[in-house]
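In my numbering, the protein residues as written are 4 to 353.
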């Protein structure tokens with residue numbers, strides 16, 4: 004009789020545990036989708052006539068199930084003539100790219116306004132909106148609708164006329180020439196643009212070091228660009244041939260104007276280097292919380308990402324004072340759209 008009672012108790016306990024697991028599983032599955040956007044506001048800075056600037060917003064589902072969302076032109080903005088005014092982006096994606104373009108001003112109009120184009124892009128869809136805006140500061144609200152709640156993101160920018168005087172602009176501002184074997188040559192292209200109205204006269208010369216100039220500062224590090232000219236299918240980033248011994252990618256990395264950017268899911272970039280320190284260069288940093296850095300398998304804590312982009316020109320110091328030996332920097336990008344420009348390696352033998 005006692006044995007029968009023990010069996011009944013065991014069966015009841017097992018059944019209770021099973022029902023609890025089923026209930027917990029059903030509760031988890033019944034959680035509604037919740038839309039989270041980072042950042043909620045982005046400053047694109049000053050945009051002169053004929054120029055453009057862009058930023059990336061990351062969208063995440065903090066709940067369960069599938070989450071689809073849509074976005075339309077902001078209030079007062081209209082699609083180009085001939086397009087459907089109800090056009091909207093509706094896709095289960097992880098980012099929204101917002102680009103602001105200021106068309107060249109019509110010089111014949113004394114009080115000409117800026118013709119501005121806002122381009123909203125996902126991986127495979129584009130929505131174009133246009134509006135006339137006056138010169139000065141602007142803040143536009145972009146409303147996003149989804150099953151996980153409605154959200155509003157903001158884009159701020161300053162419209163200015165073309166500078167009257169000549170203004171030199173170089174892109175890129177840093178060059179990585181790689182390793183050059185004896186008797187071989189290496190070349191890289193730099194685009195020079197005159198951002199002003201007046202004629203720009205320019206020349207190139209190798210500057211000699213001055214007597215009181217500390218050239219040791221220039222020898223402390225070697226800049227390595229991640230820019231790739233490799234052509235791939237579906238916008239995937241391909242590691243350049245000269246970086247294949249140093250860089251290893253796992254997961255999905257997209258090509259953003261030649262530079263690597265993470266995508267949906269967990270993606271890993273492994274960088275092998277020898278030196279006493281390393282600096283990471285970022286082009287955009289919309290969601291730094293989704294990026295993890297590990298040096299020699301130990302987590303690295305970095306500073307505020309927006310400060311890195313705005314005040315330090317994208318320069319993010321990762322480590323210094325290391326033993327002058329081989330090291331490994333691992334970058335884990337999870338559902339992130341951070342764009343990586345390159346690194347600078349520090350060391351005595353660099």
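Glycine included, each C-beta is placed from N, C-alpha and C at the ideal position.
Compute the beta-carbon to beta-carbon distance between residue i and residue j, rounded to the nearest angstrom, for a pair I have assumed lies under 8 Å.
i, j, result
"residue 161", "residue 139", "7 Å"
"residue 346", "residue 283", "6 Å"
"residue 244", "residue 201", "No, residue 244 and residue 201 are not in contact; Cβ-Cβ is about 42 Å, not under 8 Å."
Take the Cβ of residue i as the centre, count every other Cβ of all protein chains shown within 10 Å, and call the residue buried at 16 or more, exposed below.
i, result
"residue 69", "exposed"
"residue 207", "exposed"
"residue 192", "exposed"
"residue 304", "exposed"
"residue 111", "Residue placement at residue 111 is flagged as unreliable, the pLDDT there being 40, under the threshold of 50; the coordinate-derived value follows with that caveat. Flag for residue 111 reads exposed."
"residue 205", "exposed"
"residue 339", "buried"
"residue 277", "exposed"
"residue 259", "buried"
"residue 3", "Within the shown structure, residues of the chain are numbered from 4 to 353, placing residue 3 beyond reach of any answer."
"residue 26", "In this prediction, residue 26 has a pLDDT of 49, which is less than 50 and means its spatial position is unreliable; what the coordinates show is noted afterwards. By the 10 Å Cβ count, residue 26 comes out exposed."
"residue 45", "buried"
"residue 253", "exposed"
"residue 49", "exposed"
"residue 263", "buried"
"residue 188", "exposed"
"residue 319", "buried"
"residue 123", "buried"
Is it true that the CB of residue j sits closer than 8 Å to the CB of residue i?
i, j, result
"residue 361", "residue 190", "In this structure the chain extends from 4 to 353, so residue 361 is not present and cannot be described."
"residue 285", "residue 348", "no"
"residue 136", "residue 117", "yes"
"residue 47", "residue 158", "yes"
"residue 269", "residue 335", "yes"
"residue 103", "residue 144", "no"
"residue 134", "residue 79", "yes"
"residue 333", "residue 279", "no"
"residue 60", "residue 156", "yes"
"residue 195", "residue 173", "yes"
"residue 99", "residue 74", "yes"
"residue 327", "residue 295", "no"
For residue i, list the residues DSSP reports as bridge partners.
i, result
"residue 259", "262"
"residue 64", "38"
"residue 271", "253 and 335"
"residue 284", "318 and 345"
"residue 142", "159"
"residue 55", "104"
"residue 294", "336"
"residue 98", "61"
"residue 239", "257"
"residue 278", "328"
TODO: Any chance you could list the beta strand (DSSP E) runs of at least 3 consecutive residues sitting entirely within the region 311-335, in chain order?
DONE: List check, beta strand (DSSP E) in window: 318-322.
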